[in-house]
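Visitor: Protein chains in written order, with the working numbering: chain A, 84 to 193; chain B, 8 to 117.
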């Protein structure tokens, strides 16, 4: 079964501290993995995807196929990072559905 | 700039009413999705469509149906609204893998 698990509902860290949001997935095959973010009063939007291997707003995520994980990391949290973060997966077929996790609310304390 | 527009930001309906939620995208995307977003549960897929008149059930299709007569428009129908369908509904379209979201419709069933 396709599933995305985000074990933390809320993560609260101090400004300047490192951040790691956990994501584990189950999927038979090789999915595409994503992180989406929703800032207060804004639409849900793509933050990054594993195939790009890029850093967006200082965030990176590495796909670990052995552990079926795709954790999101940032070395130094900033107050503007406070938001709701969702991990998601999609099969490689163009007609595949996109499955989201339950989300983690990240709160950065000043 | 991709635009996904949902017809209403807020709706209040009575139990038993038939409810239509409309979504339009302007970028000729093949795939469109309907999710409901609930605290602690994240985004749960109701239905998705990968082409005109083509649809597949998501994880929670019970009590819902969809219609896609034109490529740009994807409608979610609550056949007989119930109070447990009170939620935030999000529409999205994707091409090829990134999903673009509407602003959401907060539906309250009383």
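Glycine residues also receive a C-beta, built at the ideal position from the N, C-alpha and C atoms.
Note down the Cα distance separating residue 90/A from residue 167/A, rounded to an integer number of angstroms.
Guide: Going from the Cα of residue 90/A to the Cα of residue 167/A covers about 14 angstroms.
Visitor: What's the call for residue 97/A, buried or exposed, on a 16-neighbour Cβ count within 10 Å?
Guide: Result: exposed.
Visitor: State buried or exposed for residue 115/A, treating a residue as buried only when at least 16 other CB atoms are found within 10 Å of its CB.
Guide: By the neighbour-count rule (16 or more Cβ atoms within 10 Å), residue 115/A is buried.
Visitor: For the beta strand (DSSP E) containing residue 154/A, name the first residue and the last one.
Guide: Here the beta strand (DSSP E) through residue 154/A covers 152-157.
Visitor: Between the stretch 173-183 of chain A and the stretch 95-112 of chain B, can you find at least three pairs of beta-carbon atoms closer than 8 angstroms?
Guide: As far as the Cβ criterion goes, the stretch 95-112 of chain B touches the stretch 173-183 of chain A, which means the pair count is three or higher.
Visitor: Mapping the DSSP letters down to three states, classify residue 88/A as helix, strand or coil.
Guide: In this structure, residue 88/A counts as strand in the three-state DSSP scheme.
Visitor: Could you tell me the alpha carbon to alpha carbon distance between residue 162/A and residue 185/A, rounded to whole angstroms?
Guide: For residue 162/A and residue 185/A, the distance between alpha carbons rounds to 22 angstroms.
Visitor: Would you call the stretch 39-54 of chain B and the stretch 70-79 of chain B touching, i.e. three or more CB-CB distances under 8 angstroms?
Guide: Because the criterion of three Cβ pairs below 8 angstroms is met, the stretch 39-54 of chain B and the stretch 70-79 of chain B touch.
Visitor: Say whether the stretch 147-157 of chain A touches the stretch 98-109 of chain A, bearing in mind that this needs 3 or more beta-carbon pairs closer than 8 angstroms, one atom from each stretch.
Guide: The stretch 147-157 of chain A is in contact with the stretch 98-109 of chain A.
Visitor: Would you call the CB atoms of residue 22/B and residue 89/B closer than 8 angstroms?
Guide: Closer than 8 angstroms, so yes.
Visitor: Determine whether the beta carbon atoms of residue 102/A and residue 160/A lie at a separation below 8 angstroms.
Guide: Yes, these two residues count as a Cβ contact at 8 angstroms.
Visitor: Using a cut-off of 9 angstroms between C-beta atoms, extract the partners of residue 63/B located in chain A.
Guide: 178, 180, listed in chain order.
Visitor: Residue 40/B touches chain A at which residues, Cβ-Cβ below 9 angstroms?
Guide: What residue 40/B touches in chain A: 180, 181.
Visitor: Name the chain B residues that come within less than 7 angstroms of residue 127/A, Cβ to Cβ?
Guide: The contacting residues are 97, 108.
Visitor: Confirm, please, whether the CB-CB distance from residue 29/B to residue 82/B is below 8 angstroms.
Guide: Yes, they are a contact pair.
Visitor: Would you kindly report the start and end of the unbroken beta strand (DSSP E) that includes residue 40/B?
Guide: Where residue 40/B is concerned, the enclosing beta strand (DSSP E) stretches over 38-45.
Visitor: Mind pulling the chain A residues with CB within less than 8 angstroms of residue 29/B?
Guide: Correct list: empty, because the minimum Cβ distance to chain A is about 17 angstroms.
Visitor: Is DSSP giving residue 115/B helix, strand or coil here?
Guide: In the structure shown, residue 115/B sits in a strand (DSSP, three-state: E or B).
Visitor: Just checking: is the beta-carbon of residue 103/B within a distance shorter than 8 angstroms of some beta-carbon in chain A?
Guide: Yes - at least one Cβ of chain A is within 8 angstroms of the one on residue 103/B.
Visitor: I want to see whether chain B comes within less than 8 angstroms of residue 192/A, judged by CB atoms only; does it?
Guide: Not one chain B Cβ lies under 8 angstroms of residue 192/A.
Visitor: Quick one: what's got a C-beta closer than 8 angstroms to residue 86/B's C-beta in the same chain, skipping five residues either side?
Guide: Closer than 8 angstroms at the Cβ level, and outside the excluded window around residue 86/B, lie 25, 70, 71, 72.
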